[in-house]
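Remember, our numbering sits 5 above the position in the sequence shown when you count from 1. We put the CB at the ideal spot given by N, CA and C, even for glycine. Structure first, commentary second.
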Amino acid sequence: MTPLIGIDANTVQLWIWRIDPDAPVPPDCLAEADEAHAARFVRAEDRASSRAARAGLRAILGDSLGLPPLELEFDVAPMGKPRLAFPANSGVHFNLSHSHGLAALGVARFALGVDIEAVRPVEDDLAHAVFSPAELDEFARLTPAGRRLAFFLGWTRKEAVVKALGSGLHAPLDRFSVSLTPGQPALLRDIGWPPGDESRWQIETFASPSEHVGAVAAAETGWRVVAASGGALSVLGLAAPPGRVEIGVTPALRSEAGG
């Protein structure tokens with residue numbers, strides 16, 4: 006088994022880096038499959054984001070496993086969740102997400118899900134497409150000013166749970182509920198299918214001053230999230246996001262403060 010370097014059993018390493026068109030792409034970290042995936046995007050900025058996200062994934066996992074990034078091989082689990090094919094039985098679990106110029110990667114010794122989203126205007130009707138009845142009741146009790154942030158808190162938490170399960174689009178989003186009120190703890194409140202054991206789950210929220218929020222979820226408890234420093238990112242050829250990534254808090258957004 007290839008050792009997982011520097012990650013203890015109860016820690017999620019959270020890496021967040023820029024993937025905008027001006028962000029650097031670490032050298033020797035893109036395989037032909039990565040370039041082919043990026044080439045499928047029509048917009049140049051989407052191609053740049055794809056390349057920067059995949060190069061970062063290889064750079065970070067290669068460093069974690071003590072292997073050259075291009076030696077890593079990936080495949081997907083039966084339900085579509087990406088995983089390491091080589092090295093096999095490495096003991097490393099990861100999940101990658103990206104949105105509007107930032108990528109977020111969680112690395113741990115247990116299965117996890119990660120989601121990041123830029124907080125942006127959305128129609129309230131969209132909540133009815135993704136939230137459970139209990140979540141819709143909570144959403145309706147919020148002020149109009151608080152609903153935008155609440156939507157993305159709820160959405161990223163639900164996506165992180167779905168990705169931890171490896172269920173992809175097969176998960177019934179309206180049959181489980183998470184907390185979504187800003188300033189309240191991140192919780193998985195109920196699961197409407199067997200075994201339905203919410204107590205096994207832990208969710209942690211993170212936020213960036215660039216007005217991105219995200220979540221990490223796992224069917225494990227007692228773990229903590231540690232955000233990689235800008236220095237660690239720089240060593241790997243990646244650019245840190247502006248400002249400090251905060252774990253476990255949802256600070257007021259500049260756009261909300263301005264009305």
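Cβ-Cβ separation, residue j to residue i (assumed contact under 8 Å), whole Å
| i | j | result |
| --- | --- | --- |
| Ala212 | Ala165 | With 8 Å as the limit, Ala212 and Ala165 do not qualify as a contact, their Cβ atoms being about 14 Å apart. |
| Arg114 | Ile12 | 6 Å |
| Thr210 | Glu143 | With 8 Å as the limit, Thr210 and Glu143 do not qualify as a contact, their Cβ atoms being about 16 Å apart. |
| Gly111 | Asn100 | 5 Å |
| Ala232 | Val250 | 5 Å |
| Leu72 | Pro87 | Wrong, their Cβ atoms sit about 17 Å apart, outside the cutoff. |
| Ala224 | Ala169 | 6 Å |
Residue i burial status per 10 Å Cβ neighbour count (16 or more: buried)
| i | result |
| --- | --- |
| Trp22 | buried |
| Ser182 | buried |
| Thr148 | exposed |
| Pro246 | buried |
| Ser184 | buried |
| Val119 | buried |
| Pro74 | buried |
| Ser55 | buried |
| Gln18 | buried |
| Arg153 | buried |
Spatial distance of residue i from residue j (CA atoms)
| i | j | result |
| --- | --- | --- |
| Val97 | Gly242 | 22 Å |
| Val124 | Glu216 | 6 Å |
| Glu76 | Asn15 | 27 Å |
| Asp39 | Thr161 | 25 Å |
| Val30 | Pro138 | 43 Å |
| Glu78 | Glu128 | 40 Å |
| Gly106 | Arg180 | 31 Å |
| Ala36 | Ser104 | 22 Å |
| Pro177 | Ile65 | 32 Å |
| Ala43 | Asp130 | 32 Å |
| Ala28 | Asp195 | 40 Å |
| Arg229 | Arg48 | 37 Å |
| Phe136 | Phe157 | 11 Å |
| Trp52 | Gly197 | Checking the displayed sequence, the identity of residue 52 turns out to be Arg instead of Trp. Going from the Cα of Arg52 to the Cα of Gly197 covers about 38 Å. |
| Ser204 | Gly227 | 11 Å |
| Leu70 | Glu140 | 40 Å |
DSSP-derived helix/strand/coil call for residue i
| i | result |
| --- | --- |
| Asp267 | Nothing about residue 267 can be read from this structure; the chain reaches only from 6 to 264. |
| Leu89 | strand |
| Ala78 | Note on identity: in this sequence residue 78 is Glu, with Ala being the wrong assignment. Strand. |
| Gly306 | Nothing can be reported for residue 306, as the shown portion of the chain is limited to 6 through 264. |
| Ser184 | coil |
| Arg45 | coil |
| Ser204 | helix |
| Arg249 | coil |
| Ile12 | coil |
| Val218 | strand |
| Gln18 | strand |
| Ile196 | strand |
| Glu225 | coil |
| Ala212 | strand |
| Val30 | coil |
Checklist entry - Taking the runs of the beta strand (DSSP E) that are 3 residues or longer, which of them lie wholly in the segment 50-75? => result The segment 50-75 contains no whole beta strand (DSSP E) run of 3 or more residues.
Item to check | alpha helix (DSSP H) runs contained entirely in the segment 136-182, provided each spans 4 or more residues | outcome: The segment 136-182 is shown to contain whole alpha helix (DSSP H) runs of 4 or more residues at 138-145 and 149-170, in chain order.
Checklist entry - Taking only runs of the alpha helix (DSSP H) that begin and end inside the segment 93-142, which ones reach a length of at least 4 residues, in chain order? => result Counting only runs of 4 or more, we get 130-135.
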